[in-house]
Amino acid sequence: MLNALAYLHPQLGPERLRALAPSLTVAGAHAWLPHGRGLSHRSESERKRWLAHERPLTQDTCTTQTFSNSLATEGAGPLNASVTRDRVDDLEAAVSALVTKASLPACAVYLFDEPWLLGHAIGEHVSANLGAHYILLDDAWAWRVVPGTHGWAPHRGWYDRLDSRAPELLNVWVALTDASVDRSCIHVVPLNQDAQYTNTERHHFDVPTALEDIPHVALAASAGDVLVWSANVLHWGGPCDLQALGPRVSVSFTLARGSSPCDGVAPALAPPCPFEQRLDSFARQIVTYGIGQPDVSDAVILWAKARVMLNQFTKNMQHTQ
Ligand SMILES: O=C(O)CCC(=O)C(=O)O
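So for the sequence shown, the numbering used here puts the first residue at 1; every next one is plus one.
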C-alpha cells in the first residue's frame with residue numbers, strides 16, 4: 001500500500017529522481033554497487049568503506065577557538081569547515097532541477113543520500129570542536145529563494161534558554177550559492193545583544209513584534225559556508241533583491257547534544273537507507289514546514305499528509321494487534 005502511495009506523485013519515483021540529479025545517490029544505491037542496490041542489508045565494514053569515500057567537508061582557516069567563542073558569546077557563527085566545491089555544485093544543481101524541472105520542493109533534495117552524509121559529517125565536526133556529542137535529527141529543510149522574494153520570517157528554533165558553550169540544540173545552515181546581503185543572507189540577533197536573553201532572569205523568549213530597533217547582524221556567506229547557531233537565536237532569511245545574481249539556495253540541519261530534549265524529533269536515519277524510509281522522512285518535513293512555502297504545491301502537501309497519516313494508522317494497527 002505504501003509503495004503505491006509513494007508513486008502516486010509521479011515525480012517521486014527513484015528513477016525520475018536519478019534522472020533529475022544523476023550525480024547524487026538515491027536509496028544508498030552508490031555507483032560501485034551493482035544494479036543500484038541499497039546497502040542496508042550489507043555488513044557494517046562495507047558500510048563504513050562506503051562512507052569513508054565521503055569527505056564533504058574541508059577544514060577552514062577560522063580556528064576551533066574562533067568558532068566555539070562566537071557560539072558561546074553571540075550564539076552564532078561560521079563553522080571552521082566548509083563544504084567541498086564539487087558537493088556544493090552537485091547539491092545546488094539537484095535543488096534547482098527538482099524545483100524548476102519537476103515542480104518539486106527544494107526539500108526533495110533530502111531524498112538523496114548526500115545531504116544526510118553532509119549533515120552527519122557536520123555533526124561529527126561540531127562534536128569534535130565543542131567537545132560534546134551531537135546527533136543529527138530527522139529535521140531538515142531546503143530553500144531556493146528567487147529574486148523578488150525573501151527567506152523565512154524572524155523566529156527562534158527553540159524558545160527556552162540553552163547552554164551557551166554547548167547548546168542542547170543547534171541549527172546548521174549551509175549556503176549552496178553565495179548568500180550576500182542582497183541575496184537573502186541570514187540575519188541574527190546575537191545572544192549578547194538580545195535584551196530578552198541578556199536578562200538572566202528570563203528563561204522563555206519570544207519574537208518581538210517590531211524588529212527595526214533590535215541590533216542584528218547580516219551573516220553574508222559564500223557558497224559552501226556552514227553557519228551554526230544556537231537554536232534559540234532570533235534569526236531570519238533576508239530579501240533576495242530583483243537585481244541579485246540569482247536565487248539563494250541553501251539546506252539546513254538540526255543537531256541535538258547527546259540525549260537533550262528535542263520535541264520528540266527522532267534521530268536522522270544513517271545513510272545509506274532504503275528509499276521508502278527517505279520518502280517517509282521527506283513527507284514528515286513537508287507536513288512540518290511545507291504549508292505556505294512557495295515551492296511546495298498543494299499536490300505535494302496532500303501526498304505528504306496522506307503518507308504520514310497512513311504510516312501512523314499502520315503503526316496504531318500494529319500496536320493493537
Ligand atoms: O534560510 C532561511 O531563509 C531561513 C533559515 C532558517 O530560519 C533556519 O534554518 O532555521
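Even glycine gets a Cβ: it sits at the ideal position worked out from N, Cα and C.
With fewer than 16 other CB atoms across the displayed protein chains lying within 10 angstroms of its CB, I291 is exposed.
Linking A270 to I122 through their CA atoms gives a straight-line distance of about 13 Å. Taking all protein chains in view, the Cβ of L302 is surrounded by fewer than 16 other Cβ atoms within 10 Å, so the residue is classified as exposed. Nearest to D139 by C-alpha distance, out of P14, G237, A231, is A231. Restricting attention to beta strand (DSSP E) runs no shorter than 3 residues, the region 224-304 encloses them at 225-230, 234-237, 248-257, ordered along the chain.
Bridge pairing for H155: H235 [DSSP].
P267 is the residue among H319, P267, V287, L130 whose C-alpha sits nearest the C-alpha of L136. A straight line joining the alpha-carbon of C273 with that of E54 spans about 15 Å. Here DSSP, grouped into helix, strand and coil, assigns H125 to helix. Distances between the C-beta of G157 and the heavy atoms of ligand 1 include at least one below 7 Å. If you draw a straight line from the Cα of L20 to the Cα of W116, it comes to about 18 Å.
Note that the C-beta distance between L170 and V228 is below 8 Å. Taking every protein chain shown into account, the CB of T58 has fewer than 16 other CB atoms within 10 angstroms, so this residue is exposed. Under the 8 Å Cβ criterion, the region 62-77 counts as touching the region 162-169, having at least three qualifying pairs. Of all alpha-carbon atoms in L255, P14, E15, the one lying nearest the alpha-carbon of H133 is that of L255. Residues of the same chain with a CB within less than 7 Å of the CB of V308, apart from the 5 flanking positions on each side, are A283, R284, V287 in chain order. Annotation for N171 indicates a beta carbon within 7 Å of some heavy atom of ligand 1. Burial check for S252: the Cβ neighbour count within 10 Å reaches 16 or more, so the residue is buried.
Going by beta carbons, L245 and R183 fall inside the 8 Å limit.
It is roughly 10 Å from the alpha-carbon of R144 to the alpha-carbon of C240.
In the DSSP annotation of this structure, Q59 is not part of any alpha helix (DSSP H); the continuous beta strand (DSSP E) holding it starts and ends at 57-59. Close CB contacts of V95 within its chain, under the 7 Å cut and outside five residues either way in sequence, are with A106, V109, A142, R144, L176, V249 (chain order).
A166 sits away from R16, with the two beta carbons spaced by 8 Å or more. Assignment of H319 by DSSP, reduced to helix, strand and coil, places it in the helix class.
Per DSSP, S70 is one residue of the alpha helix (DSSP H) stretching across 64-73. Under DSSP, P78 takes part in a beta bridge, and its partners are L227.
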